[in-house]
Structures are given as structure tokens and as C-alpha cells.
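Those protein sequence lines, which keep their order, are chains A and B. Its first residue numbered 6, the first sequence is counted upward by one per residue in the working numbering. Its first residue numbered 6, the second sequence is counted upward by one per residue in the working numbering. Presented below is the structure to which this report refers.
Protein chains: 2
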Amino acid sequence: MRIASLPDFVLQRIDRAIGGPVNRQIYQVLRAAILSHQLPTGLQLPSSRELARELAMSRNTVTHAYEQLIAEGYLETRAGAGTFIADTVPDQIVDALTSSRNDNEQAGHVGLSVRGAHLIRRAGVSPLQWGAFMPGVPDVTQFPNKVWSRLQNKHWRRSRAELLTYDQGGGYLPLREAIAEYLRVARSVNCRTGQIIITTGIHQSIDLAAKLLGEHGDRAWVEEPCYWGTRSVCQSLGIEPVPIPVDAEGMQVPQSDGLHPAQPPRFIFVTPSHQYPLGTVMSLSRRRLLLEYAAAHKAWIMEDDYDSEFRYGSRPLASLQGLDTHDRVLYMGTFSKTTFPGLRIGFLVVPETLSEAFVTGHSELYRGGQVFMQAILADFMTQGYFASHIRRMRVLYGERLHLLQQAVKHHFGDAIDFSDGDAGLHLALHLPPGCDDLTICSEARAAGIITRPLSGYYMQAANARRGLMLGYACVPNEQIAPAFDKLAGIIKKHWPA
Amino acid sequence: MRIASLPDFVLQRIDRAIGGPVNRQIYQVLRAAILSHQLPTGLQLPSSRELARELAMSRNTVTHAYEQLIAEGYLETRAGAGTFIADTVPDQIVDALTSSRNDNEQAGHVGLSVRGAHLIRRAGVSPLQWGAFMPGVPDVTQFPNKVWSRLQNKHWRRSRAELLTYDQGGGYLPLREAIAEYLRVARSVNCRTGQIIITTGIHQSIDLAAKLLGEHGDRAWVEEPCYWGTRSVCQSLGIEPVPIPVDAEGMQVPQSDGLHPAQPPRFIFVTPSHQYPLGTVMSLSRRRLLLEYAAAHKAWIMEDDYDSEFRYGSRPLASLQGLDTHDRVLYMGTFSKTTFPGLRIGFLVVPETLSEAFVTGHSELYRGGQVFMQAILADFMTQGYFASHIRRMRVLYGERLHLLQQAVKHHFGDAIDFSDGDAGLHLALHLPPGCDDLTICSEARAAGIITRPLSGYYMQAANARRGLMLGYACVPNEQIAPAFDKLAGIIKKHWPA
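Put into C-alpha cells, the structure is as follows:
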């Protein structure tokens, strides 16, 4: 939206007939437009004087509305520059780390439940989803659209009713077969077609397993640090995440020395192939310990294998599931990284004894469908396009990782440490103690660079390492160095003396 | 699958290297294939003698596997005819009404949680999703595929990154605008764009609201009878559904006479425009009572408006949400009935005070996406195709309802009662007391007719009316009378003397 049209935008939306003070109405119109991203982050607003003149209202009316929005963090003033739409997301992250406000109080305010208020206050999701260095996003501009369109048109021309109606549970059979075949070969997953449940992604896979296998009040071990989504989905279901620190070998699985909580958890969430976000690989001895622990204590291991198709230096690693002889592992994967996130297709591999319950439960809870998308993906896999797209992206992302590593070294030499496991779609840059990653992220965004503070992935502030998550997969090669130059400037400004 | 290939199918899948008795392996292969629908319901299996010969195994081995599958209900023998794949779904429904087995015991068996076992045992979903008289399914063969394909190809050619990656929360803005506009005009919903949250359908809308506004242990009033999905999603989140009977005016909202439970619920789920499954419309006085009750007791009303685009005799009814002056109503809708179920797009309209929390919560919990599907749907709506498709379907479904009503009258005259509210996609046929709807459904399926027992929609057996749910929308006009002829024969067989 051009700034010039803002007065019209406001005028069209305020309705004096509704009643209530006009300043309140201006406040509501602007707030809703900011929340719905109709007014983008960083946009400069007209001065209160200008807007008042355009609206033919008193300046006080507009000033009141602006002040309220500034107080609530929707707008910010920059000295000598004016009033801008603020990026509210860093506030949420700061909140999660520093706030001592009570969830109950928060909840009462607009009627959210305690779990709802908790979820919103600790939300890790960002409204920005594209650009340097957005973590976890593949380069969707490289996706073979023409091939996909052709496969799509073929299915639409045929237009079979069974592809357009509700699914029959578990997902489209040929896709389940293709995934089972792929996982057996590429990931050493031990599975048959009936064990594959097609979901909309990792979040739904966790939700389904937590509902079918977990009770309210159960505990789940999560890696410290871990993916924010795992914690949020568990908490929304009354399952308490318990952070277990990771070291260079992965999650520190309990030994008999009583190091860990006596009460075993119901679930253990791990990313053994490529720890999220640190990038380490779980060692074989740690894998064995974990499997033994789960078998002895009847815990379910939730193996999140979100991006291990992309390994640049070494061959793919075998899955943890393939080592399991006690049927305690549920294996989760997604097509978000290998095709494009908007596809919203993932899968869950369950032990054979659970497959019937999971097929029924999935259908009952989510009323599955999108069979036509699943049919297109099945063709995409069985006709070889999936494998060749992955091969092509592996080369490309490998180059981009290398370019980013070079840029980091160029600016910081050995003074800065990073970890990437030579795999995946992101690199974790470690900052020295005392270097505030929240502030750096905030300033980087103002300069047009997206990055996330590593400390936000920790549950306990005492454990939190400072750092920056840099996604390189979606950044064109030639933009990597210039974008990092900008970021390096901001980091250097905050470098501890 | 042709029967001739069954021995090969089994041989390819049993692996003596895995170990364990061979009869167990045959059992597992067949069971998995039945559950994944690789072997369809009703298929005749070779005799145990034939299969043993083909597999080069002893007949006892095969007999043991068959016996186990028969005992567990996967196979059934028909006297003089042989062994067939059974339809296991009626068993689940019978179970839900008559079983006294303990969920805890069930849970222990394969490791399901208590809530998981409860969900699976009471599952209402069916593996059959197409054919006469499948309730709740529109005629997807009438969908304008060519128009859709054209809009789709336009977006794929442009291939903008923001349509292929994760969404920014709340859904694709132009679709939210189109829905807000549509709801204001067509359904008298009082809303602005920011209040629209795009979901994957009613189930996700319920899940989101229950997580953000409800606590574990809360209660939700549901209509008795009601849609099975509402109960299942609530229970999976620890929210207890409390059945409140409906009469000709809709849910019997509590008066001050102490008729209803003293403790007010957190949620009240209603279908005021077209009660599901009975088809009645909630009266205006009942609507006012309900809104007053919710405001006084701080309960959230969840208005499920799943099919009110299809009214044949009268003009569309205004929504309950539009009457609300206290911001206590969340309005839910779906495109499953108006376009096609496999689209998996629905929406939730929340009060303005909740919109920010719902946008963030939705993104955090489900990691939304499918923006490109949302973009196609937005075009489909704004270019007028949506409205004209609804108009065309309204005429067609009206004809089909009329044909079904005629068929019922032809066979039963005034001896049988039905309700449809002259709207929607299904008709509820009421059977006389003593006429067992479960048995009739079971026999109808064996004869190729899908119908659901009305008694299955009740939570309490004492309230349950016997009847049959007949979906007519997806049945071609000329097949309605012949299909009902078959069904009528079965009903007459079970008519009480």
C-alpha cells in the first residue's frame, strides 16, 4: 500500500454508525490492518497532523490512536524520522525469555485459556517467511513447476470422484507405497505400506501421536535446544516438555547414575540425523542407549527426520527407526523441505501394531483429504522427478552453504564458531557470551535481513547459548555474501569489548 | 486385486528371514492389506486348501491364519459360499453403543493412551466415502474442473515464492477478504477481514478454538444428536462433551428453572441453520436465549454452519453470529460441501478481540500453508464461479431431495417419517421403535448401499432415535429410486410386526 492511500483506507473502514470514540475506531482499523499484514512491517505512517487533516478530524483524535498503538508495540517512533509499523515478533521472543507475567492474568484479558495464553506468549512462528536468511525454507523458485503442472492437469482431466472427496484413512495408497519404498531404500526405515500415515506435516504427526499415545499430564523429553513447534504442540495437548541437554553426541540419554528425572517420559523427541538447531549427528552408542531406555521404560521415541536428504559431505545416515527391534520408534518426515512447504504433506511411520489405530484416529480427528495432491506427489515420486529434484538441490544448497561459510570466515576468521553438520538448510552461528542475539536479530530485520536468535530455541535461560540461525537454502548464490556483509556489520557493532 | 494374484501378494510380503511362525506372518500380511484397503471389503479369498497349495505350505498353517482373522472380525465366512473380507466398520459402531469393555484395558493392549483408545473405539468415520446414500458428500463430478485447472495453471505459471512457502498466519489475505465479503452478504455475519482464519476445515477450527479458549477438564455442550467429529475432537483435547437434547426449535437452552447442569460449559456447539443430523432450524427465541446465556456465563458459542448454502424452499437464514452483540460467537464454515471435500479449506470467524491470538496460534500449532490452493479459491470466488456453482448445485440437489422424498413415500406412504429441513445434503429417515438401524445399515452395505444409523449420532442410548441417514447429493438422479428400492426391501424385512 502506498502511504498516500492510508487516509482513504482508514476512512473506508471506520464507521461512525457503530458508535464508540473515533480515536478507538482509528486504533482498531490500524491494528487489524497491521495484524493482517495489510500494512507491512516498516511502513512509515503519515504524521498525526497530516492524517488528521486528511481525515478531517482533530489532531488529538489521531494522536490518541497513535499513542495507544505505540504503547502496545504496533507502532514505533524513530527519532527524527517519524512513526513506523513495528515488527512485533521480536517482542514475543523477548517476552518468552524475560517476561514474568502470569499466563492466568493474560488469559483473563481476552478470554484465552491458560494453555492458549501460554502458547501465544511463547509463539516461535514468524510472519516473515521468505528472504535471506530465513531458516528452514527451501528454494521454492527451483521447484519444477512445469512437471508438477503437467501431472496436476492429468489428474484434473480425469477427475475421478475418489480424488476429490474425503480420504479413506491413512492417505492415498499409491503415495503410501511410494513413501514406504523410498524410506526403505534411502533412509533404512523398516516399514511396510500399512505403517505409513500421510499427514499435513510434522505438526500434525506430533498432534496425532500425542493424542493417541499420550495422556494429559504426561511428560515428553525434548532436546535442549529444540524446534519450537515440538514444544508448542505438546503443550497445547497438556503434555509437558522436559528439556534434556544435547552435547556433541546428541541428546544426553540417561544412564543408571540417576542423572535424569526418575519418572520416565511418555515421549522422547529427537532429531538424530541432524540435530535441530545445532546440526550435530547422534552417535551410534547414544542411539543404542536411547533405544534400550525406551524399550525398558515403555517410552515412545519420536524421530523427527526433517531434512536429512541434504547431506553435502557424506552419505545419508541410517534412521534410528531402522535400528529399533522393540517397536518403540515413530518416524516423522515431511515434503516441506524436499518439494515446497505449501504442499503441506508429511508422513508418520508407526509400528505395525499401531497402524490400524492410527489410520482410524487420523481420519476421525482431521477428516483427511487432499487426495488429489497426494496423487500428484505419488506420480512425482514414482516417475523419478522427486529423486532428481533432490539431487539437483543437494548440489545447489551445498554451494550456498559453502558461500555462507566463506562469508563468515571472511568477516570473523576464527573468532566466530558455527555448526551446520555439513547438512540441511541452515547454519547456526555462535556468538560470544555477552553478545545479545535478540537485539542483533531485531536490528537485522530493520535492515531487511531475517535471522532468528539461537537463544529462543532453549527452554531454560540458563542453558541458552547466544547465536543466530541462518537459512541459506532460499538465498540466491550471489546474494549470500552481500546479505552477510550487512549482518556482519550489525554483529560487529554489538561485539563485546 | 484379482483373486488369482493373492498367493503372489502374500508370498512377496512374507519373509521367513524375519522369523516367527509362518501362520502369524500370513495373518499379518492379510490384516495389513485389509486395513490399508489393498484387499477390498467383500473380496472372496481362495479356500485355505487352494492358498496352502499355491504357497507350498501346510493347510494347517493357512487355516490358523484364517481362523485368527475370522476371530478378530477381518474375515467372515458365508455358509456355502466361502471366506470374504469383512466390513469392519459396523462393528465399531455397534461397539460404541453396546460394548462395556474398559478403555483402559483396550489401551494397554497396543500402548494407546486412554483418550486414544476411547477415540478409536467410538470412531464415527467410515472408510467408504462415495456412492448412494453416503451422507455429507457433495457431487464432486459436477465441479467445474476446467475453470479450476485454468486458474490453477495461471498461478503455477507465475510461481510466486510466497504462494509456495509457509503462510504468514491467518491465511492468504485476498481469500480472507473474499470470505469476509461473502459472509457479510450471504450469511449476515458481522465481520472484518482480520477476523477470518483460514483452516483446513471444521475439525481444525474446533481444535484451534478448543486449544486457545479451553482447558483440559472443561465441558462443552453438544446437541443430542450431533456430528460425531465435534465430540471426537473435543474428547481428544480433554474437553468433555455434555449432550443437550434438541427439539423442534433446536437445542433446549437452559432456562432459570434449574433444568440444566449448574456448572456452565466453556463451549456450546450448535448447528442453528440446519441441525445436524435432524435438519431442524433453531427458532429466533431460542437463539436469543442462547446468546443471553452465553453472555451471562462467559461461554463461547461455536456456530457450525456447514451447509446452509443449500436451502431449497426458502431464503437463506441469517447466522446466529450476526445477532450476537456480546462477542461470544465463533462462526465456522467449510468449502467441503460447496466445492469439494478434498480441497480441505474451511474458515473460522472469531471476535475481533481474539483475532490476533488466533492468527498467531494457528500458525504456531499447524504451520499453515497451501497458500497456492487458497489463491486459486480466492480467484474462484472473486471471479463469480463460486456463486454460480452454488446456484447450479442448489437446483440439482433440490431435485435429488425431491426424488428421494418421492421414493420414500412410494414405499412407505405415511408409515414412515423423515426430516430434512428442506435443505442440505441429507435426509434423516425415522424408523419405528424396535426397528434396528444398525442391522439395517449392515445389510444395506452388503447390498452395496451406504447409510448410517441415526442412533450412532446420540451419546446416550436412552435418547437414541432409530433411523437412517441418507445422503442424496452425490447420487445421480436416475439412481436414486433404484437404490432406495433396494434399501426399502431391507427395511421392510426388519419392520416390527
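C-beta atoms are modelled at their ideal positions from N, C-alpha and C, and glycine is treated no differently. This structure is a prediction, so every number in the text was calculated from the model and none was measured.
- Judged by DSSP in its simplified three-state form, B/Y336 adopts strand.
- Distance between A/W305 and A/L335, taken at the CA atoms: about 7 Å.
- By the rule that beta-carbons nearer than 8 Å mark a contact, B/N158 touches chain A.
- For B/E314, the secondary structure class from DSSP, reduced to helix, strand or coil, is coil.
- Per DSSP, the unbroken beta strand (DSSP E) holding A/A433 starts and ends at 431 to 435.
- Around B/R349, the beta-carbon contacts reaching into chain A at under 7 Å are G374, Q375.
- The Cβ of A/G199 sits closer than 8 Å to at least one Cβ of chain B.
- Within chain A, the residues placing a beta-carbon under 8 Å from that of B/N150 are W161, R162, S164, ordered along the chain.
- Residue environment analysis places B/A84 among the exposed positions, since fewer than 16 neighbouring C-beta atoms fall within 10 angstroms of its C-beta.
- Put simply, of A/E369, A/L382, A/L60 the residue whose alpha carbon is nearest the alpha carbon of A/G351 is A/L382.
- Each residue's CA atom was taken as its position, placing B/L60 and B/Q280 some 54 Å apart.
- The segment 111 to 168 of chain A contains, as complete alpha helix (DSSP H) runs of 4+ residues, the segments 119 to 126, 150 to 163 (chain order).
- Taking 8 Å as the CB threshold, A/R189 stays off the interface with chain B.
- With respect to the C-alpha of B/G472, the residue from B/M386, B/R457, B/A86 having the closest C-alpha is B/R457.
- Taking each of A/F274, A/Q240, A/L242, A/S237 in turn and checking the Cα distance to A/I249, the smallest one comes out for A/F274.
- Taking a C-beta cut-off of 8 Å against chain A, the contacting residues of the segment 356 to 372 of chain B are E357, T358, L359, S360, E361, A362, V364, T365, G366, S368, E369, L370, Y371, R372, listed in chain order.
- Taking the CA atoms as reference points, A/A420 sits about 20 Å from A/A253.
- By the Cβ criterion, the segment 306 to 314 of chain B is in contact with the segment 191 to 209 of chain B, since at least three pairs of Cβ atoms, one from each stretch, lie closer than 8 Å.
- Under the Cβ distance rule, A/T387 does not count among the residues neighbouring chain B, no pair being separated by less than 8 Å.
- Around the Cβ of A/Q465, a 10 Å sphere holds fewer than 16 other Cβ atoms; the residue is exposed.
- In this structure A/P45 is exposed. Its beta-carbon is surrounded by fewer than 16 other beta-carbon atoms within 10 angstroms.
- Chain A has a Cβ within less than 8 Å of the Cβ of B/V142.
- Proximity of A/K414 to chain B, defined by a Cβ-Cβ separation below 8 Å, is not satisfied.
- Beta-bridge analysis with DSSP links A/E81 to A/F89.
- Membership of A/V190 in the alpha helix (DSSP H) is indicated by the continuous run 178 to 192.
- For A/V238, the neighbours in chain B by C-beta distance under 8 Å run, in chain order, L370.
- Between the C-alpha atoms of A/A469 and B/Y187 there is a straight-line separation of about 48 Å.
- Close CB contacts of A/L408 within its chain, under the 7 Å cut and outside five residues either way in sequence, are with N482, I485, A486 (chain order).
- Of all alpha-carbon atoms in A/D332, A/V286, A/Y317, the one lying nearest the alpha-carbon of A/E297 is that of A/D332.
- Considering only B/Q49, B/Y232, B/S210, B/D172, the residue with the shortest C-alpha distance to B/A128 is B/Y232.
- Secondary structure note for A/R224: its beta strand (DSSP E) is the uninterrupted segment 224 to 229.
- B/T330 counts as exposed, since fewer than 16 other C-beta atoms from the protein chains shown sit within 10 angstroms of its C-beta.
- When 8 Å is used as the limit between beta carbons, B/F345 is near these residues of chain A: L169, T170, in chain order.
- Its Cα nearest to that of A/V354, the residue A/G175 stands out among A/H431, A/G175, A/R36.
- Taking 8 Å as the upper bound for CB-CB distance, A/V15 and A/V34 are in contact here, some 5 Å apart.
- If you draw a straight line from the Cα of B/S447 to the Cα of B/M474, it is about 13 Å long.
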